[in-house]
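J.: Take this structure first; my questions come after.
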Amino acid sequence: MTGPETEETAPPADSPSVQETGEAARRHAWASTAVVCSALFLLGLDFTVLNVAIPALQVDLAPSMAQTQWIVDGYALVLGGCVLATGIVGDTYGRRRAFVAGLVVCALASVWGARADTVEQVIVARCGMGLGAALFMPATLATIVHVFSDEADRRRAISLWATVAGIGALAGPLAGGWLVEHATWRAVFWINVPLALALAAAALRMVPESRDPRPGRIDRQGAALSCAGLLALVWAVIEAPGRGWTSPAVLVAFAVAGVLLALFVTWEVRSERPMVPPPLFKRGPVGPACVALAAMSFCGMGAMFILTLYLQQVRGHSPWEAGVRTIPMSLALAAGAACAPTLLSRFGPRVPVSAGLVLVAGGFAVMARLEAGSGYAHVLAFEALVGVGSGLVAPVATELVLTAVPAARSGLGSALNDATRQVGSTLGVAVLGSILATVFTARIEDRLQGHPAARTLLGDHDGRDLLTGVGHPGAGTGSFLVHETGAAFVHGMASAAIAGAGTALLAAALSWRKLPAPARPPACPSPAAAPAVAPPAEEIGARPSP
Numbered sequence: 319m320t321g322p323e324t325e326e327t328a329p330p331a332d333s334p335s336v337q338e339t340g341e342a343a344r345r346h347a348w349a350s351t352a353v354v355c356s357a358l359f360l361l362g363l364d365f366t367v368l369n370v371a372i373p374a375l376q377v378d379l380a381p382s383m384a385q386t387q388w389i390v391d392g393y394a395l396v397l398g399g400c401v402l403a404t405g406i407v408g409d410t411y412g413r414r415r416a417f418v419a420g421l422v423v424c425a426l427a428s429v430w431g432a433r434a435d436t437v438e439q440v441i442v443a444r445c446g447m448g449l450g451a452a453l454f455m456p457a458t459l460a461t462i463v464h465v466f467s468d469e470a471d472r473r474r475a476i477s478l479w480a481t482v483a484g485i486g487a488l489a490g491p492l493a494g495g496w497l498v499e500h501a502t503w504r505a506v507f508w509i510n511v512p513l514a515l516a517l518a519a520a521a522l523r524m525v526p527e528s529r530d531p532r533p534g535r536i537d538r539q540g541a542a543l544s545c546a547g548l549l550a551l552v553w554a555v556i557e558a559p560g561r562g563w564t565s566p567a568v569l570v571a572f573a574v575a576g577v578l579l580a581l582f583v584t585w586e587v588r589s590e591r592p593m594v595p596p597p598l599f600k601r602g603p604v605g606p607a608c609v610a611l612a613a614m615s616f617c618g619m620g621a622m623f624i625l626t627l628y629l630q631q632v633r634g635h636s637p638w639e640a641g642v643r644t645i646p647m648s649l650a651l652a653a654g655a656a657c658a659p660t661l662l663s664r665f666g667p668r669v670p671v672s673a674g675l676v677l678v679a680g681g682f683a684v685m686a687r688l689e690a691g692s693g694y695a696h697v698l699a700f701e702a703l704v705g706v707g708s709g710l711v712a713p714v715a716t717e718l719v720l721t722a723v724p725a726a727r728s729g730l731g732s733a734l735n736d737a738t739r740q741v742g743s744t745l746g747v748a749v750l751g752s753i754l755a756t757v758f759t760a761r762i763e764d765r766l767q768g769h770p771a772a773r774t775l776l777g778d779h780d781g782r783d784l785l786t787g788v789g790h791p792g793a794g795t796g797s798f799l800v801h802e803t804g805a806a807f808v809h810g811m812a813s814a815a816i817a818g819a820g821t822a823l824l825a826a827a828l829s830w831r832k833l834p835a836p837a838r839p840p841a842c843p844s845p846a847a848a849p850a851v852a853p854p855a856e857e858i859g860a861r862p863s864p
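864 is the number that the working numbering gives the last residue of the sequence shown; the numbers go up by one with no jumps.
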């Protein structure tokens, strides 16, 4: 008879070898965690490092607003679309192998981006970096699950993982600003090369190999449907402001995305070896946890994209100055993540997740009231609320997803968590950025119609190009364009902030309703009062044989 699935390389907890080397194994586990979290920091850095480099990149390559969003979103789109499939690849062929391969791919794509001469080449490089990140990201959490046998240590490591993931993304504007001011925008690509290669070498030395002992076949059809559906959806959202939300191309893209994603769900339900086993969402808090993670990432990354544009294009800060002004959000996120395990132990997952999302909504309420002349105190309030709120949500929701999956398939749990976060981040930049662009363009074009001189100075550029500084004629236009551009930006930013706040509040309401409260022992224990448990490994991994 076959026993329950276990990690191929993990010996029994009570074996002599484990007893003799327990402390050494614990130190090795934390060393492995340091390596994978460093790679995760690099991933988060790459997600946002180009945000503050966009104005400098525009001087050389002059991308449109749509191309700018593709430069930002190309990385996250490929990462979010492929991470489920690559998580299964890691479970099947080895997580350390996938981790190292992803870092090498990321380094090669970074070289391509640093040497790019066209906007299209930059977009391709960003997509290649996203593919590399999709290979190594699932292995980070899966490695943590594999190397820690102690539940308390594992929980601390997961909290550290969630903190590093957020801080890496928030550190991007700071690192990018410094690199742009002291070198060029190409330096934000070059910096990845030595870091990625050094981490790959460290992983070969310090991270143990692990895999699913019963991997089965890879769900290629599911992977193809999910990637194609997400690509069509994000393309439609990004292109809608420029082409029009009711243009034939945009409507067709939305329809294609809906059909492909519906086919993906249908395929997963009927597949014998689904990429995302549907029973995961039928029991326990996995579904609400994924919604909370998606909403947190949607709001956080969308807000950072808008905030860095606001600090540079409206407030007039340099890339480095804009990056420095985002540091408080990293500190707030770390503070929230430090409090999350205590709140989880005392109140269960419902309180920290719901409260965190309400704080994020409060941050967007502050953003909606920002004006072109608002002081930095308003920005600080926004960063504190969103940072602490995100820090409360991320580690708790991540643990809920991971504990629903058996250790042997930890790559699946990690990939599901990663895909949820990355798709949310991608759509956050796309949707909130597109709302900003749509409202901004409508207002500035309306104002330009009553000011022919400014329209003439802009030449071939339209109002949408002003959003990222393309075609900005500078001081020669007098104060009209400067004032109207700032006013139109904050008007569009307020509309995007309202959408972000609504998203966070809806997710908070769902979390409060669906996530469990603290467990209360029954007054008189009985067999009927057995606690809910996660689905058995066979149920979430594949359909049992008849």
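All C-beta atoms in this analysis are idealised placements derived from N, C-alpha and C, irrespective of residue type, glycine included.
The structure presented is a predicted model; accordingly, all values stated were derived computationally and were not measured.
Identify which residue in Thr-410, Val-437, Val-429 has its Cα closest to the Cα of Gln-379.
T.: For this step, residue 379 is matched to residue 61 along the sequence shown. For clarity, residue 379 is Leu in the given sequence; the question names Gln instead. Among Thr-410, Val-437, Val-429, the Cα nearest to that of Leu-379 belongs to Val-437.
J.: Using alpha carbons as the reference points, say which of Gly-705, Pro-713, Pro-566, Val-676 lies closest to Met-622.
T.: The sequence position of residue 622 within the sequence shown is 304, counting from 1. Met-622 has its Cα closest to that of Gly-705, out of Gly-705, Pro-713, Pro-566, Val-676.
J.: Would Val-676 be called buried (16 or more neighbouring beta carbons within 10 Å of its own) or exposed?
T.: Residue numbering aside, residue 676 sits at position 358 when the sequence shown is read from its first letter. Buried: at least 16 other Cβ atoms inside 10 Å.
J.: Kindly list the residues whose CB is nearer than 8 Å to the CB of Val-353, restricted to its own chain and excluding five residues on each side of it in sequence; keep chain order.
T.: The sequence position of residue 353 within the sequence shown is 35, counting from 1. Here the set comprises Leu-517, Ala-520, Ala-521, Met-524, Val-525.
J.: Should Pro-670 be labelled buried (16 or more other beta-carbon atoms within 10 Å of its own) or exposed?
T.: If you number the sequence shown from 1, residue 670 lands on position 352. That one is buried.
J.: Alpha carbon to alpha carbon, what distance is there between Pro-531 and Gly-818?
T.: Against the sequence shown, residue 818 aligns to sequence position 500. Against the sequence shown, residue 531 aligns to sequence position 213. Spanning the two alpha carbons is a distance of roughly 42 Å.
J.: Report buried or exposed for Pro-512, applying the criterion of at least 16 other Cβ atoms within 10 angstroms of its Cβ.
T.: As a working note, residue 512 is residue 194 in the sequence shown. With fewer than 16 Cβ atoms within 10 Å of its Cβ, Pro-512 is classed as exposed.
J.: Going straight from the alpha carbon of Gly-547 to that of Phe-582, what length do you get?
T.: Against the sequence shown, residue 547 aligns to sequence position 229. Against the sequence shown, residue 582 aligns to sequence position 264. C-alpha separation (whole angstroms): 8 Å.
J.: Going by other Cβ atoms of all chains shown within 10 Å of its Cβ, with 16 needed for buried, is Ser-663 buried or exposed?
T.: As a first step, residue 663 is located in the sequence shown; it is residue number 345 there, counting from the start. Looking at its Cβ environment, which holds fewer than 16 other Cβ atoms inside 10 Å, Ser-663 is exposed.
J.: How should Ala-514 be labelled, buried or exposed, when 16 other C-beta atoms within 10 angstroms of its C-beta is the threshold for buried?
T.: Taking the first residue of the sequence shown as position 1, residue 514 is located at position 196. So Ala-514 counts as buried.
J.: Might you give, ordered along the chain, the residues of its own chain that have their beta carbon closer than 6 Å to the beta carbon of Leu-381, omitting 5 neighbours on each side?
T.: Here residue 381 refers to the residue found at position 63 of the sequence shown. Note on residue identity: the sequence assigns Pro, not Leu, to residue 381. Closer than 6 Å at Cβ, skipping near neighbours: Val-437.
J.: If you run the structure through DSSP and keep just helix, strand and coil, what is Ser-294?
T.: What the structure shows of the chain is the stretch from 319 to 864, and residue 294 is not part of that stretch, so it cannot be assessed.
J.: Look at Leu-629 and Ala-640 and say whether their C-beta atoms are less than 7 Å apart.
T.: The residue you call residue 629 lines up with position 311 of the sequence shown. The residue you call residue 640 lines up with position 322 of the sequence shown. The answer is yes: Cβ separation under 7 Å.
J.: Could you check if Gly-392 is buried or exposed, using at least 16 other CB atoms within 10 Å of its CB as the buried criterion?
T.: Translated into positions along the sequence shown, residue 392 becomes position 74. The residue in question, Gly-392, is buried, as its Cβ has 16 or more Cβ neighbours within 10 Å.
J.: How would you write the range of the alpha helix (DSSP H) that Ser-528 sits in, first residue to last?
T.: Stepping through the sequence shown from its first residue, residue 528 is reached at position 210. Ser-528 -> no alpha helix (DSSP H), and no H or E assigned at all.
J.: Pull up the distance between the alpha-carbon of Pro-791 and that of Arg-761, whole angstroms please.
T.: Position 473 of the sequence shown, counting from 1, holds the residue named residue 791. Position 443 of the sequence shown, counting from 1, holds the residue named residue 761. Interpretation of Pro-791 is limited by its pLDDT of 45, a score under 50 that renders its predicted location unreliable; the figure taken from the coordinates is listed afterwards. Spanning the two alpha carbons is a distance of roughly 18 Å.
J.: Would you tell me roughly how many angstroms separate the C-alpha atoms of Ala-288 and Trp-508, rounded to the nearest one?
T.: With the chain covering 319 to 864 only, the question about residue 288 has no answer from this structure.
J.: Could you pull out every residue in the same chain whose Cβ sits closer than 7 Å to the Cβ of Pro-592, ignoring the five residues on either side in sequence?
T.: Taking the sequence shown and counting its residues from 1, one reaches residue 592 at position 274. Asp-537, Gly-540, Glu-586.
J.: Consult DSSP for Asp-510 and reduce its assignment to one of helix, strand or coil.
T.: The count along the sequence shown starts at 1 and reaches residue 510 at position 192. The amino acid occupying residue 510 in the given sequence is Asn; Asp does not appear at that position. If DSSP states are grouped into helix, strand and coil, Asn-510 belongs with the helices.
J.: Could you give the uninterrupted runs of the alpha helix (DSSP H) lying entirely in the stretch 665–746, keeping only those of 4 residues or more?
T.: With a minimum length of 4 residues, the continuous alpha helix (DSSP H) runs that stay inside the stretch 665–746 are 668–686, 694–720.
J.: For a minimum of 4 consecutive residues, which ranges assigned as the alpha helix (DSSP H) are wholly contained in the stretch 446–510?
T.: Listed in chain order, they are 469–500, 505–508.
J.: With 7 Å as the threshold, decide whether the Cβ of Ala-621 is near any Cβ in chain D.
T.: In the structure shown, chain D does not exist; there is a single protein chain.
J.: Gly-731 and Leu-720: beta carbons closer than 7 Å?
T.: Here residue 731 refers to the residue found at position 413 of the sequence shown. Here residue 720 refers to the residue found at position 402 of the sequence shown. Contact: yes.
J.: Taking the alpha carbon of Thr-502 as the reference point, which residue from Trp-638, Leu-754, Arg-344, Ser-350 has its own alpha carbon closest?
T.: One-based indexing of the sequence shown puts residue 502 at position 184. When each option's Cα is compared against that of Thr-502, the closest is Trp-638.
J.: So the alpha helix (DSSP H) Ser-615 belongs to, where does it begin and stop?
T.: Position 297 of the sequence shown, counting from 1, holds the residue named residue 615. Unbroken alpha helix (DSSP H) run through Ser-615: 604–627.
J.: Would you kindly check if the distance between the Cβ of Ala-480 and the Cβ of Thr-716 is under 7 Å?
T.: Within the sequence shown, numbered from 1, the residue matching residue 716 stands at position 398. Within the sequence shown, numbered from 1, the residue matching residue 480 stands at position 162. Yes; because the gap between Cβ atoms is below 7 Å, this pair is in contact.
J.: Ordered along the chain, which non-local residues of its own chain (more than five positions away) have a Cβ less than 6 Å from that of Cys-445?
T.: Within the sequence shown, residue 445 is the residue found at index 127, counting from 1. Cβ neighbours of Cys-445 beyond the five flanking positions: Gly-392, Val-396.
J.: Starting from Ala-380, follow the alpha helix (DSSP H) in both directions and report where the run begins and ends.
T.: Within the sequence shown, numbered from 1, the residue matching residue 380 stands at position 62. Unbroken run through Ala-380: none, as it is neither H nor E.
J.: Would you mind working out which of Asp-736, Val-498, Ala-580, Arg-433 sits nearest Ala-483, comparing C-alpha positions?
T.: For the purposes of this step, residue 483 is taken as the residue at position 165 of the sequence shown. Looking at the Cα atoms, Asp-736 is the closest of the given residues.
J.: Taking the alpha helix (DSSP H) that His-635 belongs to, which residues open and close that run?
T.: Locating residue 635 in the sequence shown gives position 317, counting from the first residue. Taken as a continuous stretch (DSSP letters only), His-635 belongs to no alpha helix (DSSP H), as it is neither H nor E.
J.: Say yes only if the C-beta of Ala-607 is nearer than 6 Å to one or more non-hydrogen atoms of the ligand MG, and no if none qualify.
T.: Inclusion of the ligand MG in the displayed structure is not the case, the ligand content being empty and no account of it being possible.
J.: Counting only the same chain and skipping the five closest in sequence on each side, list residues whose C-beta sits under 8 Å from that of Ile-485.
T.: If you number the sequence shown from 1, residue 485 lands on position 167. Excluding positions up to five away in sequence, the list reads Phe-359, Gly-362, Ser-648, Leu-651, Ala-652.
J.: Which of the three DSSP states is assigned to Ser-589 in this structure?
T.: The residue labelled residue 589 in the question sits at position 271 within the sequence shown. Here Ser-589 sits in coil by DSSP.
J.: Going by beta carbon distance, what residues of the same chain come within less than 7 Å of Leu-368, once the five residues before and after it are set aside?
T.: For the purposes of this step, residue 368 is identified with residue 50 of the sequence shown, where counting begins at 1. Correct list, in chain order: Ile-389, Val-390, Gly-494, Val-506.
J.: Would DSSP call Ala-755 helix, strand or coil?
T.: Residue 755 sits at position 437 when you count from the first residue of the sequence shown. If DSSP states are grouped into helix, strand and coil, Ala-755 belongs with the helices.
J.: Whole angstroms is fine: what's the gap from Trp-496's alpha carbon to Arg-504's?
T.: By 1-based counting over the sequence shown, the position of residue 496 is 178. By 1-based counting over the sequence shown, the position of residue 504 is 186. Answer to the nearest angstrom: the Cα atoms are 12 Å apart.
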